Amino acid sequence: MKNAAPPRNRPSPTASVWTSRAAVHLVLLLGALYSVLPLIWLVTSATKNVRDFSTTGAFDLGAVHLGDNLKALFDEQDGVFLYWIRNSVLYALVGALLGALICAACGYAIAKLDFPGRRTLFAVTLTGVLVPTTALALPLYLLASQLRLVDTFWAVFLPVLTNPFGVYLARAFAEASVPDEVLEAARVDGAGELRTFFTIGLPMMRNGLITIVLFQFVAIWNNFFLPLVMLTDPKLFPMNLGIFQWSTRVSQFPQYNPMVITGSLLAVIPLVAAFVLLQRQWRSGLAAGSTK
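Going by the numbering used here, the first residue of the sequence shown is number -8, and it counts up by one from there.
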């Protein structure tokens, strides 16, 4: 009779679980560092003057020249940075609110109204999600040129009101959070479709609408290529385009370096504040949209 082979040592289930958790935590830690370290560098670099950049480390605080950097930032070119702040708020905030309302109306109509070509329209919308925004810049420029809108506020504002991905999210939110029975009851009571949307559908889609507003706000705030193509007047630039124009001068004029970094820090603050203040709404909105 042959001797039985000795049993192999198998890792215990508990060890496998802890190994998997450690790997996941390591990946999350690396992702967090990748996201947070640039912000920390912006904060520390905003406290430096031109000389501190060559005498201190990347994450070392300077001699706290933040006040001087802010003064230089707002005084440069007769305070053009204030125009950039105004433009960014108008493009992003107003554009996000109006764009989200348009997306909500389109998504609600596709999800809850029965009309010919509804599926085809939604398929075309999904196709629009796959088209990169940079590929649309030249056609939009040619169209704006025909309408004589180039180098105006409307050349940047009007295109950002449409967002196929926002329509897709709004359709998912409408299907998940707006019951058909409630809409039928409203129609039986004599409410029109427009009134039903604003009084019943839109309030039920509130968390999803906030999610769309947030995504739209971030996309417009970070929108760079479209203003670069459309605008030549510095007083119409958003902050990211204006800061980029200053960054091209750093090699010849080092005094722009603190202003570029301080301006970049100010440009990031609204995005961080929006995510922190609205985190409960957009997280619940994403959960509602994921049920379909």
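Note that the Cβ used here is the ideal one computed from N, Cα and C, for glycine as well.
Since we're looking at a predicted model, the values are computed, not measured.
The criterion of a C-beta distance shorter than 8 Å is satisfied by threonine 202 and leucine 160. Counting every other CB atom within 10 Å of its CB across the protein chains shown gives lysine 62 a total below 16, marking it as exposed.
Note that the region 151 to 159 touches the region 89 to 99; at least 3 beta-carbon pairs, one per stretch, sit closer than 8 Å.
Taking each of Leu134, Tyr82 and Asn40 in turn and checking the Cα distance to methionine 250, the smallest one comes out for Asn40.
At a Cβ-Cβ threshold of 8 Å, leucine 268 and leucine 33 do not count as neighbours.
For the pair arginine 12 and leucine 24, the Cα-to-Cα distance works out to about 18 Å.
Closest option to glycine 254, judged by alpha-carbon separation, among Glu67, Thr118 and Gly48: Glu67.
Taking the Cα of lysine 226 as reference, the smallest distance to any Cα among Val71, Arg197, Val115 and His16 is reached at Val71. From the listed residues Arg77, Phe65, Ala265 and Arg42, the smallest Cα separation to glutamine 207 is found for Ala265. For glutamine 207, the enclosing alpha helix (DSSP H) has its first and last residue at 197 to 212.
Ranked by Cα distance from valine 220, the options Leu133, Leu57 and Arg110 are led by Leu133.
Excluding the 5 residues flanking it on each side, alanine 177 has same chain C-beta neighbours closer than 7 Å at Thr187 and Ile191, in chain order. Here the alpha carbons of valine 259 and glycine 22 stand approximately 18 Å from one another. Taking 4 residues as the minimum length, the alpha helix (DSSP H) runs contained wholly in the region 106 to 167 are 109 to 121, 124 to 137 and 144 to 148, in order along the chain.
For isoleucine 234, the enclosing alpha helix (DSSP H) starts and ends at 230 to 238.
In the DSSP assignment, lysine 62 falls within the unbroken alpha helix (DSSP H) covering 57 to 66.
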